[in-house]
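Student: One point on numbering: in this note's numbering, the residue at position 161 of the sequence shown is 231, and numbering is uninterrupted. Even glycine gets a Cβ: it sits at the ideal position worked out from N, Cα and C.
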Amino acid sequence: MKNYDVVALGELLIDFTENGVSAQGNPLFEANPGGAPCNVLAMLEKLGRKTAFIGKVGKDAFGEQLKSALVETGIDVAGLCMDETVHTTLALVHTLPDGDRDFSFYREPGADMMLTEEEVPQELLADTRIFHFGTLSMTHEGVRKATKKAIALAKQNGVFLSFDPNLRPPLWSSLDLAREQVLYGLYHCDILKISDNEIQWLTGKEDFDEGVRWIRALCPDISLILLSMGRDGSRAYYQDLKVEVPAFLQENTIETTGAGDTFCACMLDFICRQGLEQLDEAKLTEALRFANAAASLITTRKGALRVMPEREEVETFLGARIS
């Protein structure tokens with residue numbers, strides 16, 4: 071038995087999200103805890119899973135805020151390091167008219183990119199069922215080495231590897247380097263969660279089915295490919311199956327921050343229950359429907375990490391929509 075269901079490595083940062091304007095007409099920003107890996111873990115905690123995080127923040131006010139937020143959500147912080155010389159990474163999230171987002175990062179350097187190989191806790195990676203990672207921890211050499219060490223340790227311990235590219239072009243010195251690291255992630259994962267724009271960028275294929283065939287030809291060992299398509303819903307590709315479920319669109323959507331992470335967490339919860347063997351259309355349809363419902367709920371809230379829905383809330387929402 072493993073003590074953890076999911077351990078994730080990557081960025082933990084402050085998302086400054088727009089929250090109205092001042093009396094002088096200036097935009098106001100709210101300091102929300104963020105970072106895709108911990109958004110995933112926060113939702114998993116709401117689903118009753120035991121999780122832990124590996125990463126680094128600054129030993130500053132924002133770093134303390136982030137550590138407190140993880141403790142509050144139940145995420146184990148044994149793998150969280152605090153850097154006394156580099157500040158916590160910050161991101162300004164501007165919401166576009168269609169609800170999508172534009173990111174501005176303050177990260178040259180930021181504490182999340184300072185994690186070293188020596189700071190990767192081997193015991194956590196031997197004591198989990200799933201290891202989840204992305205590419206924001208692969209943008210710079212030092213943290214890239216730490217990420218690849220964690221991947222190797224997880225593989226040595228027979229852990230399922232979950233990968234979400236979570237491409238943020240402004241953080242890369244070049245998109246060629248980004249592509250190289252995304253491909254590394256593909257070669258080393260069992261579960262791939264990828265968005266519609268990412269699969270088109272990576273494969274050069276406008277048609278998603280063609281993009282999935284391209285990925286499978288390159289990386290045949292990926293067991294499950296999960297495709298998030300925003301307002302068009304989601305798909306799961308498993309062996310010869312392709313399962314598609316529409317999104318639950320809402321009039322009161324505020325922004326889409328954390329929607330993909332919420333979706334990913336729900337699918338990892340499903341894998342914790344079902345494994346990766348003998349999945350069928352009915353099981354995948356049910357899982358995608360639940361994940362889409364949870365993602366829909368999070369679009370009605372500011373931030374993500376501290377406002378993830380409970381399982382019962384998702385089930386109630388889902389029941390009302392289906393009936």
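Here's the rule I'm using: 16 or more other beta-carbon atoms within 10 Å means buried, otherwise exposed. How should Y74 be labelled?
Tutor: For the purposes of this step, residue 74 is identified with residue 4 of the sequence shown, where counting begins at 1. Burial call: buried.
Student: Give the DSSP-derived three-state secondary structure of C289 in the structure shown.
Tutor: Against the sequence shown, residue 289 aligns to sequence position 219. Here C289 sits in coil by DSSP.
Student: What residues in its chain sit with their C-beta under 7 Å from that of A224, if we drop five residues either side in the sequence?
Tutor: Walking along the sequence shown from the start, residue 224 turns up at place 154. Here the set comprises L195, F201, L231.
Student: Suppose contacts are defined by Cβ-Cβ distances below 8 Å. Is K126 in contact with A181 by that definition?
Tutor: One-based indexing of the sequence shown puts residue 126 at position 56. One-based indexing of the sequence shown puts residue 181 at position 111. Contact flag set, yes.
Student: With the cut-off set at 8 Å, would you say K145 and V190 are in Cβ contact?
Tutor: Counting from 1 along the sequence shown, the entry for residue 145 is found at position 75. Counting from 1 along the sequence shown, the entry for residue 190 is found at position 120. With the sequence shown as reference, residue 145 is identified as Ile, and Lys is not the correct amino acid for it. Contact flag unset, no.
Student: Would you call the stretch 212-220 and the stretch 231-243 in contact, with 3 or more CB pairs under 8 Å?
Tutor: no
Student: Verify whether the separation of the beta carbon atoms of G133 and L375 is less than 8 Å.
Tutor: As a working note, residue 133 is residue 63 in the sequence shown. As a working note, residue 375 is residue 305 in the sequence shown. No.
Student: Could you spell out where the beta strand (DSSP E) holding I264 opens and where it closes?
Tutor: Along the sequence shown, one-based indexing puts residue 264 at 194. Taken as a continuous stretch (DSSP letters only), the beta strand (DSSP E) holding I264 covers 261-265.
Student: Spatial neighbours of V275 within its chain, please: CB distance less than 7 Å, with the 5 preceding and 5 following residues excluded, ordered by chain position.
Tutor: Taking the sequence shown and counting its residues from 1, the one referred to as residue 275 is at position 205. It is Lys, not Val, that sits at residue 275 in the sequence shown. Once the five neighbours on either side are set aside, the close Cβ partners of K275 are G281, W284.
Student: Flag this pair as yes or no: are the beta carbons of P97 and G80 separated by less than 8 Å?
Tutor: As a first step, residue 97 must be located in the sequence shown, where it is residue number 27. As a first step, residue 80 must be located in the sequence shown, where it is residue number 10. No, these two residues do not count as a Cβ contact at 8 Å.
Student: Between which residues of its own chain and Q251 is the CB-CB distance below 6 Å, once the five residues before and five after are set aside?
Tutor: As a working mapping, residue 251 is identified with position 181 in the sequence shown. Here the set comprises T205, M208.
Student: How long is the line joining the alpha carbons of V77 and A93, rounded to whole angstroms?
Tutor: Your numbering for residue 77 matches position 7 in the sequence shown. Your numbering for residue 93 matches position 23 in the sequence shown. Rounded to whole angstroms, V77 to A93 spans 44 Å at the Cα level.
Student: How about C336 and R199: do their beta carbons lie closer than 8 Å?
Tutor: The count along the sequence shown starts at 1 and reaches residue 336 at position 266. The count along the sequence shown starts at 1 and reaches residue 199 at position 129. Their beta carbons are not under 8 Å apart, which means C336 does not touch R199 by this criterion.
Student: Taking 8 Å as the cut-off, decide whether the C-beta atoms of A287 and D302 are in contact.
Tutor: Working through the sequence shown from its first residue, we reach residue 287 at position 217. Working through the sequence shown from its first residue, we reach residue 302 at position 232. Not closer than 8 Å, so no.
Student: Using the three-state DSSP reduction, which class does V91 fall into: helix, strand or coil?
Tutor: Position 21 of the sequence shown, counted from the first residue, corresponds to residue 91. It is a strand residue.
Student: Looking at T327: is its Cβ nearer than 8 Å to the Cβ of D153?
Tutor: Position 257 of the sequence shown holds residue 327. Position 83 of the sequence shown holds residue 153. No, they are not a contact pair.
Student: Count the other CB atoms within 10 Å of the CB of A112; is the residue buried (16 or more) or exposed (fewer)?
Tutor: Position 42 of the sequence shown holds residue 112. A112 comes out buried.
Student: What are the start and end residues of the beta strand (DSSP E) that includes A306?
Tutor: By 1-based counting over the sequence shown, the position of residue 306 is 236. Where A306 is concerned, the enclosing beta strand (DSSP E) stretches over 304-308.
Student: Between D197, L253, A357, which lies nearest to Q226 when the distance is taken from Cα to Cα?
Tutor: Here the question's residue 226 lines up with position 156 in the sequence shown. Residue D197 is the option with its Cα nearest to Q226.
Student: Identify which residue in D172, D130, V163 has its Cα closest to the Cα of T155.
Tutor: Working through the sequence shown from its first residue, we reach residue 155 at position 85. With distances taken between Cα atoms, T155 lies closest to D130.
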